[in-house]
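Student:
Protein chains: 2
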Amino acid sequence: MALKRSSTAVQVKELLLERILNGTYKPGERLIELQIAEELETSQAPVREALRYLEAMRLVETEPYKGTRVRVVTERELEESSQVRSVLEQLGCELAAVKLKGNCAELRAEAEKFMHAARKKDFATYSAHDTAFHRLIMQAADNQLLFSIWESVVLESRFLRILAKIGQENLVEFGDAHMVVLEALEKGDGKTASKSMRNLICKFHGLKS
Amino acid sequence: MALKRSSTAVQVKELLLERILNGTYKPGERLIELQIAEELETSQAPVREALRYLEAMRLVETEPYKGTRVRVVTERELEESSQVRSVLEQLGCELAAVKLKGNCAELRAEAEKFMHAARKKDFATYSAHDTAFHRLIMQAADNQLLFSIWESVVLESRFLRILAKIGQENLVEFGDAHMVVLEALEKGDGKTASKSMRNLICKFHGLKS
DNA sequence: TTAAAATCGATTATCGATAATCGAAAATCG
DNA sequence: CGATTTTCGATTATCGATAATCGATTTTAA
Numbered sequence: 001m002a003l004k005r006s007s008t009a010v011q012v013k014e015l016l017l018e019r020i021l022n023g024t025y026k027p028g029e030r031l032i033e034l035q036i037a038e039e040l041e042t043s044q045a046p047v048r049e050a051l052r053y054l055e056a057m058r059l060v061e062t063e064p065y066k067g068t069r070v071r072v073v074t075e076r077e078l079e080e081s082s083q084v085r086s087v088l089e090q091l092g093c094e095l096a097a098v099k100l101k102g103n104c105a106e107l108r109a110e111a112e113k114f115m116h117a118a119r120k121k122d123f124a125t126y127s128a129h130d131t132a133f134h135r136l137i138m139q140a141a142d143n144q145l146l147f148s149i150w151e152s153v154v155l156e157s158r159f160l161r162i163l164a165k166i167g168q169e170n171l172v173e174f175g176d177a178h179m180v181v182l183e184a185l186e187k188g189d190g191k192t193a194s195k196s197m198r199n200l201i202c203k204f205h206g207l208k209s
Numbered sequence: 210m211a212l213k214r215s216s217t218a219v220q221v222k223e224l225l226l227e228r229i230l231n232g233t234y235k236p237g238e239r240l241i242e243l244q245i246a247e248e249l250e251t252s253q254a255p256v257r258e259a260l261r262y263l264e265a266m267r268l269v270e271t272e273p274y275k276g277t278r279v280r281v282v283t284e285r286e287l288e289e290s291s292q293v294r295s296v297l298e299q300l301g302c303e304l305a306a307v308k309l310k311g312n313c314a315e316l317r318a319e320a321e322k323f324m325h326a327a328r329k330k331d332f333a334t335y336s337a338h339d340t341a342f343h344r345l346i347m348q349a350a351d352n353q354l355l356f357s358i359w360e361s362v363v364l365e366s367r368f369l370r371i372l373a374k375i376g377q378e379n380l381v382e383f384g385d386a387h388m389v390v391l392e393a394l395e396k397g398d399g400k401t402a403s404k405s406m407r408n409l410i411c412k413f414h415g416l417k418s
């Protein structure tokens, strides 16, 4: 067994992170250190350390002596994140084009799944596969810093809010817009892929041009 | 006194952060919790919490039972950060152009200072004012998320390494390239400003096109 | 009766002690 | 003498206790 063990604090962080991401903890919800410690059968200190991680990751906010809450993401911040995402993915497409040229089978598989979900107006499935599509591109970009920033900006719960604004009736059109990106990447055309990617994010996420 | 007090852990974090940023702690240097606790006359727990912040900010790295070191930034990561920075600032210029139209006095003041430093081949002064110039733009973009990501990517110690690679003989030319951005912003021309900004970062930070 | 002061319980924040781990040095073995 | 095992000191990690703070409730004073 050569796996590196992780500290209790890291394990608590990852559990709390999972609960925040999957909606178990709602935006605004209070996280009580001693309750979490009791539930997880540890002491307060590792829980506090876990919360420091989450705070630095901007997923929770803490006020001295008042405790920690899951951070509420405003509409403004949603818009800001779409703006940032659009340029991160522009760069991602540029960098990934060489690697993905002629190698888009996985992208196609995800696109097929989200197009299927779009036709069935199934947001959750759409979201999962759309995100997987984008993740594949960002991973192919081979820029670790870019990928970790992208991951911190692109959270599925927030994407579902964006999808709700796009609306079910526009889901097929939104999914379709990804095909331009996919075909450009298949041809290794980073310039077209990056421009199309940025356009589709700006257009469908409702950004003013 | 209406100022919000901060916890000891936050204060320790900010002190350690300052020491990392100003080079007091060198890359690779070991941070010993109990020593820091003794120096700052606190107990170990707030120091550990402070280190969790710094770890999440990717400024230090920690292994269970082995301690914490200031993270060494590889050449690879430097390049990655320039790539990311180039698109963040592309977006920053686009968003800032409206606000900065006809309002570039502060930008000009900083540009004058870094040009003066470029002619004297003074890296440190160049760096400070070049960074201030960029910060003014990124603040004018009025996108908080973009700004905080930019801040986490753009660290002065790392910029000095980039300047060293640009070389003293190219400093004036590098500084001059900012003038195109400045004049475009003065005219409110976000498209030209963003394109020029991205070009100058890519060109002078040595990115393959 | 209303406003101000005091109290209280829940929670956060830190303390200092103890447990756990690691790597280097010392001891032991063949 | 080299290899292996054991010991030890420094440090990390967690524990459980105590101090500090907050907001709600109760008590007191006018």
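First to last, the sequence lines map onto chains A and B.
All residue numbers for the first sequence refer to this note's numbering, where the first residue is 1 and numbers rise by one.
All residue numbers for the second sequence refer to this note's numbering, where the first residue is 210 and numbers rise by one.
Even glycine gets a Cβ: it sits at the ideal position worked out from N, Cα and C.
What alpha helix (DSSP H) runs, 4 residues minimum, are completely inside the region 263-316 of chain B?
Tutor: Whole alpha helix (DSSP H) segments, 4+ residues: 284-309.
Student: Looking only at C-alpha atoms, which of B/364, B/255 and B/269 sits nearest to residue 238 of chain B?
Tutor: Stepping through the second sequence from its first residue, residue 238 of chain B is reached at position 29. Residue B/269 is the option with its Cα nearest to residue 238 of chain B.
Student: Residue 239 of chain B bridges to which residues according to DSSP?
Tutor: Reading the second sequence from its first residue, position 30 is the one you call residue 239 of chain B. In DSSP, residue 239 of chain B forms a bridge with B/278.
Student: Assign residue 205 of chain A to one of three DSSP states: helix, strand, or coil.
Tutor: Looking up residue 205 of chain A in the first sequence gives position 205. DSSP places residue 205 of chain A in coil when its eight states are reduced to three.
Student: Mark residue 258 of chain B as exposed unless 16 or more other C-beta atoms lie within 10 angstroms of its C-beta, in which case mark it buried.
Tutor: Your numbering for residue 258 of chain B matches position 49 in the second sequence. By the 10 Å Cβ count, residue 258 of chain B comes out buried.
Student: Are the beta-carbon atoms of residue 27 of chain A and residue 85 of chain A separated by less than 8 Å?
Tutor: Here residue 27 of chain A corresponds to residue number 27 of the first sequence, with the count starting at 1. Here residue 85 of chain A corresponds to residue number 85 of the first sequence, with the count starting at 1. It is not a contact, given that the beta carbons lie outside the stated cut-off.
Student: Nearest chain B C-beta to residue 197 of chain A closer than 8 Å, yes or no?
Tutor: Numbered from its first residue, the first sequence carries residue 197 of chain A at position 197. With 8 Å as the cut-off, residue 197 of chain A does not count as an interface residue toward chain B.
Student: Determine, using beta carbons only, whether residue 234 of chain B comes closer than 8 Å to chain A.
Tutor: Reading the second sequence from its first residue, position 25 is the one you call residue 234 of chain B. It does not: the Cβ of residue 234 of chain B has no partner Cβ on chain A nearer than 8 Å.
Student: Residue 157 of chain A CB to nearest chain B CB: under 8 Å?
Tutor: Start at 1 with the first residue of the first sequence, and residue 157 of chain A comes out as number 157. By this cut-off, residue 157 of chain A is not an interface position.
Student: What do you reckon, are the CB atoms on residue 356 of chain B and residue 339 of chain B nearer than 8 Å?
Tutor: Taking the first residue of the second sequence as 1, we reach residue 356 of chain B at position 147. Taking the first residue of the second sequence as 1, we reach residue 339 of chain B at position 130. Taking 8 Å as the Cβ cut-off, residue 356 of chain B and residue 339 of chain B do not qualify as a contacting pair.
Student: Can you check whether the C-beta of residue 32 of chain A is within less than 8 Å of a C-beta belonging to chain B?
Tutor: In the first sequence, counting from the first residue as 1, residue 32 of chain A sits at position 32. No, its Cβ sits nowhere closer than 8 Å to a Cβ of chain B.
Student: What do you get for residue 32 of chain A, buried or exposed, if any count of 16 or more other CB atoms within 10 angstroms of its CB means buried?
Tutor: Reading the first sequence from its first residue, position 32 is the one you call residue 32 of chain A. Residue 32 of chain A should be labelled exposed.
Student: If you compare alpha carbons, which of B/321, B/249 and B/218 is closest to residue 387 of chain B?
Tutor: As a working mapping, residue 387 of chain B is identified with position 178 in the second sequence. When each option's Cα is compared against that of residue 387 of chain B, the closest is B/321.
Student: Using a cut-off of 7 Å between C-beta atoms, extract the partners of residue 296 of chain B located in chain A.
Tutor: Counting from 1 along the second sequence, the entry for residue 296 of chain B is found at position 87. Simply 87, 88, 90 and 91.
Student: Below 8 Å between beta carbons: does that hold for residue 291 of chain B and residue 371 of chain B?
Tutor: For the purposes of this step, residue 291 of chain B is taken as residue 82 along the second sequence, with counting starting at 1. For the purposes of this step, residue 371 of chain B is taken as residue 162 along the second sequence, with counting starting at 1. Yes, the pair counts as a contact, with Cβ atoms nearer than the cut-off.
Student: Closer than 6 Å by C-beta to residue 248 of chain B: which residues in its own chain qualify, once you throw out the five before and the five after it? Chain order, please.
Tutor: For the purposes of this step, residue 248 of chain B is identified with residue 39 of the second sequence, where counting begins at 1. Here the set comprises nothing.
Student: In chain order, what residues of the same chain lie with their CB nearer than 7 Å to the CB of residue 206 of chain A, ignoring the 5 residues before and after it?
Tutor: On the first sequence, position 206 is the one that residue 206 of chain A refers to. Result list for residue 206 of chain A: 165, in chain order.
Student: Going by other Cβ atoms of all chains shown within 10 Å of its Cβ, with 16 needed for buried, is residue 318 of chain B buried or exposed?
Tutor: As a first step, residue 318 of chain B must be located in the second sequence, where it is residue number 109. Residue 318 of chain B should be labelled exposed.
Student: Enumerate in chain order the residues of its own chain whose CB-to-CB distance from residue 92 of chain A is below 6 Å, with the five nearest sequence positions on each side excluded.
Tutor: Taking the first residue of the first sequence as 1, we reach residue 92 of chain A at position 92. Same-chain partners within the cutoff: 137, 138 and 141.
Student: Give the single residue among B/336, B/262 and B/406 whose Cα lies nearest to the Cα of residue 367 of chain B.
Tutor: Locating residue 367 of chain B in the second sequence gives position 158, counting from the first residue. When only C-alpha atoms are compared, the closest one is B/336.
Student: Residue 261 of chain B and residue 52 of chain A - do their beta-carbons sit closer together than 8 Å?
Tutor: Along the first sequence, read from residue 1 onward, the residue named residue 52 of chain A stands at position 52. Along the second sequence, read from residue 1 onward, the residue named residue 261 of chain B stands at position 52. Closer than 8 Å, so yes.
Student: Establish whether the CB of residue 354 of chain B and some CB of chain A are separated by less than 8 Å.
Tutor: Counting from one through the second sequence, the residue named residue 354 of chain B turns up at place 145. Yes, because at least one Cβ of chain A sits closer than 8 Å to the Cβ of residue 354 of chain B.
Student: Under 9 Å Cβ-Cβ, which residues of chain A neighbour residue 258 of chain B?
Tutor: Sequence index remark: in the second sequence, residue 258 of chain B carries index 49 (1-based). By Cβ distance, chain A contributes 45, 48, 49, 51 and 52.
Student: Could you tell me the alpha carbon to alpha carbon distance between residue 97 of chain A and residue 105 of chain A, rounded to whole angstroms?
Tutor: In the first sequence, counting from the first residue as 1, residue 97 of chain A sits at position 97. In the first sequence, counting from the first residue as 1, residue 105 of chain A sits at position 105. Distance between the alpha carbons of residue 97 of chain A and residue 105 of chain A is about 14 Å.
Student: If we define contact as Cβ-Cβ less than 8 Å, is residue 35 of chain A a contact residue for chain B?
Tutor: Counted from its first residue, the first sequence places residue 35 of chain A at position 35. Closer than 8 Å: no.
Student: Less than 8 Å separating the beta-carbons of residue 399 of chain B and residue 303 of chain B?
Tutor: Residue numbering aside, residue 399 of chain B sits at position 190 when the second sequence is read from its first letter. Residue numbering aside, residue 303 of chain B sits at position 94 when the second sequence is read from its first letter. Yes, these two residues count as a Cβ contact at 8 Å.
Student: So which residues on chain A does residue 286 of chain B lean against when the C-beta distance must stay under 9 Å?
Tutor: Within the second sequence, residue 286 of chain B is the residue found at index 77, counting from 1. In chain order: 144 and 145.
Student: Can you look up residue 234 of chain B in the DSSP assignment and give me helix, strand or coil?
Tutor: Taking the second sequence and counting its residues from 1, the one referred to as residue 234 of chain B is at position 25. Residue state, collapsed to three classes: coil.
Student: Helix, strand or coil for residue 118 of chain A, going by three-state DSSP, please let me know.
Tutor: Indexing the first sequence from 1 puts residue 118 of chain A at position 118. Here residue 118 of chain A sits in helix by DSSP.
Student: Can you list, in chain order, the stretches of the alpha helix (DSSP H) that have 4 or more residues and sit fully within the region 368-396 of chain B?
Tutor: Whole alpha helix (DSSP H) segments, 4+ residues: 380-395.
Student: Assuming residue 80 of chain A contacts residue 352 of chain B (C-beta within less than 8 Å), just tell me the rounded distance between them.
Tutor: Sequence index remark: in the first sequence, residue 80 of chain A carries index 80 (1-based). Sequence index remark: in the second sequence, residue 352 of chain B carries index 143 (1-based). With 8 Å as the limit, residue 80 of chain A and residue 352 of chain B qualify as a contact, their Cβ atoms being about 5 Å apart.
Student: Taking all protein chains shown into account, do 16 or more other C-beta atoms lie within 10 angstroms of the C-beta of residue 255 of chain B, making it buried, or fewer, making it exposed?
Tutor: Position 46 of the second sequence holds residue 255 of chain B. So residue 255 of chain B counts as buried.
Student: When DSSP labels each residue in this structure, what does residue 151 of chain A get in the three-state scheme?
Tutor: For the purposes of this step, residue 151 of chain A is taken as the residue at position 151 of the first sequence. Residue 151 of chain A falls in the helix class under three-state DSSP.
Student: With a cut-off of 8 Å on the beta carbons, I'd call residue 157 of chain B and residue 230 of chain B a contact; round off their distance for me.
Tutor: Nothing about residue 157 of chain B can be reported from this structure: the residues present for chain B run from 210 to 418 only.
Student: Go through its chain and collect everything with a Cβ distance to residue 175 of chain A's Cβ below 6 Å, but skip five positions before and after it.
Tutor: Mapped onto the first sequence, residue 175 of chain A falls at position 175. Taken in chain order, the residues that qualify are 114, 115 and 118.
Student: Pick helix, strand or coil for residue 196 of chain A, following the three-state DSSP scheme.
Tutor: The sequence position of residue 196 of chain A within the first sequence is 196, counting from 1. Looking at residue 196 of chain A - three-state DSSP - the assignment turns out to be helix.
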